[in-house]
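Just below is one structure, and these are the notes that go with it.
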Amino acid sequence: MRPEVIKTMTKTLQVFFGNPSSSHKLGRSARFAIENSRRTIAKLLNVRSAEIIFTSGGTEVNNLILTTVIQQLKVKRIITSPIEHKSVLETSSQLFKNQGIILEFVKLKSHGRVDLEDLENRLQNFSFTTLVSLMHANNEIGNILPLKKVSAICKKYKAWFHSDTVQTIGHYKLNMQQIGVDFASAGAHKFYGPLGVGFAFIRKGSLQKGFIHGGVQELGIRAGTENLYGIVAMAKALECSMQYLDKEHSVIEDLKKYAIFELKKAIPEVQFNGLSDNLQQSIYTILSISLPIQDDVLHFCLDLKGIAVAQGSSCLSGIGLSSHVIHTISEQENIKNKTTLRISLGRTNTKKDIDALIIALKECINTSNSL
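Read in order, the letters of the sequence shown correspond to residues 2 to 372 in our numbering.
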């Protein structure tokens, strides 16, 4: 977390004690802090305060939106892609199995790019209401979706459009009114805020209630006492991220460019997955690589050397599941029987970190090859 965010969160912990739903002074003070945070976030995204709903993070938002849209907007079909976050894929699968929703997957072009022509063909040949759910930036390979184009296609055929924007909110200037999405997801830890808190953008008037019951918090859409301290810190984190965006974007993008160049020089056989090495078509904070070895413990070797990388989504790495994203694009990319790593870049990283990564990578590869 940013120092400013830690300071804000600590102060909030010291000052606010009341339940935001209580009518007494302590409760009203807590409620004011939450609503002020809601206004801050709404202003940064150019939306109404009532369109921001606080949650525990992006996974909850994806579950919330897909489930409630099906229930309340008479949606009969979901169109998504096979490389979405598991919270979208598994929720969609459950809706298909339990509620008879038609589930379709848009075709992928080379490098894991979404085929927009196929999306349009699917929309124009279906008369029932559809929800399109496609992420803005892939959380493993970094591919960026042209949101405005997809939004225009969805509007043309009167389909609802949800985008998992967890990777991009706080890293790009997203004007939700201009982009035209109906629903979006965010998680605070992706823009240097605290873990376990996030928010949904839900276009006003589209949804009336949520799937967690037992309270009227969050405009009746998300029951349960709000995470006051996390929410206030999240608003501060997004405010800071937007304030420093231009400078940090430039620095991190230069760092990614340096990493690509140095990796190619040090390990000529390295492959970049998806559009990861395309600075115009991938998010500047993610670099996904495949290495010419088979080693399931390479990331552990790097960990022992003080290098923290992942082999896929952090949400699944703890239970040993392989990356469905890499598996899906492996035929196109010719990356079968290779080891894949996801390198995340942030505002505190430097070229020295990249140099240390490459030295450690070469040492781990040499060790693996000698076994």
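Ideal Cβ placement from N, Cα and C applies to all residues, glycine included.
Whether residue i touches residue j by CB criterion (8 Å)
{"i": "Val70", "j": "Gln178", "result": "no"}
{"i": "Gly113", "j": "Asn139", "result": "yes"}
{"i": "Thr81", "j": "Ser134", "result": "yes"}
{"i": "Gly199", "j": "Ala187", "result": "yes"}
{"i": "Lys156", "j": "Gly181", "result": "yes"}
{"i": "Ile53", "j": "Phe202", "result": "yes"}
{"i": "Val115", "j": "Asp165", "result": "no"}
{"i": "Thr130", "j": "Leu96", "result": "no"}
{"i": "Lys339", "j": "Ser283", "result": "no"}
{"i": "Ala160", "j": "Leu124", "result": "yes"}
{"i": "Ile327", "j": "Asn367", "result": "no"}
Where residue i falls, given that 16 or more other Cβ within 10 Å makes a residue buried
{"i": "Ala238", "result": "buried"}
{"i": "Asn370", "result": "exposed"}
{"i": "Val217", "result": "exposed"}
{"i": "His214", "result": "exposed"}
{"i": "Val16", "result": "exposed"}
{"i": "Val151", "result": "buried"}
{"i": "Val298", "result": "exposed"}
Alpha-carbon to alpha-carbon, residue j and residue i
{"i": "Glu121", "j": "Gly171", "result": "29 Å"}
{"i": "Met10", "j": "Asn144", "result": "33 Å"}
{"i": "Leu220", "j": "Gly206", "result": "11 Å"}
{"i": "Lys12", "j": "Val6", "result": "10 Å"}
{"i": "Pro293", "j": "Ala309", "result": "20 Å"}
{"i": "Arg348", "j": "Gly58", "result": "21 Å"}
{"i": "Ser289", "j": "Asn20", "result": "43 Å"}
{"i": "Ser277", "j": "Ile287", "result": "7 Å"}
{"i": "Leu132", "j": "Lys77", "result": "8 Å"}
{"i": "Tyr230", "j": "Ile66", "result": "24 Å"}
{"i": "Gln295", "j": "Gln272", "result": "14 Å"}
{"i": "Arg343", "j": "Leu146", "result": "19 Å"}
{"i": "Lys248", "j": "Lys258", "result": "16 Å"}
{"i": "Leu27", "j": "Ala34", "result": "11 Å"}
{"i": "Thr341", "j": "Leu358", "result": "15 Å"}
{"i": "Thr41", "j": "Asp119", "result": "38 Å"}
{"i": "Arg3", "j": "Lys191", "result": "12 Å"}
{"i": "Asn64", "j": "Lys266", "result": "43 Å"}
Which listed residue (the options) has its alpha carbon closest to that of residue i
{"i": "Leu346", "options": "Ser283, Lys75, Glu254", "result": "Glu254"}
{"i": "Lys149", "options": "Glu364, Ala224, Lys191, Leu117", "result": "Leu117"}
{"i": "Val252", "options": "Glu364, Asn350, Leu74", "result": "Asn350"}
{"i": "Leu14", "options": "Ala234, Leu109, Leu256, Leu90", "result": "Ala234"}
{"i": "Lys352", "options": "Lys87, His25, Ala185, Leu264", "result": "Leu264"}
{"i": "Cys365", "options": "Ile268, Gln282, Glu332, Ile284", "result": "Ile268"}
{"i": "Phe55", "options": "Ile232, Arg204, Leu90", "result": "Ile232"}
{"i": "Phe184", "options": "Arg204, Lys191, Thr169", "result": "Arg204"}
{"i": "Ala189", "options": "Ser38, Ser50, Glu105", "result": "Ser38"}
{"i": "Gly194", "options": "Cys241, Trp161, Asn367, Met136", "result": "Cys241"}
{"i": "Ser22", "options": "Thr226, Gln72, Phe262, His250", "result": "Thr226"}
{"i": "Lys110", "options": "Cys302, Glu332, Asp356", "result": "Glu332"}
Cutoff 8 Å: residue i Cβ touching any chain C Cβ
{"i": "Ala361", "result": "No chain C is part of this structure, which consists of one protein chain only."}
Please specify which runs of the beta strand (DSSP E), each continuous and at least 3 residues long, are wholly inside the segment 147-216, giving them in chain order.
161-165, 184-188, 199-203
Practice problem: Run through the segment 243-301 for me and flag every whole beta strand (DSSP E) of 3 or more residues, listed as ranges in chain order. | Solution: 287-292
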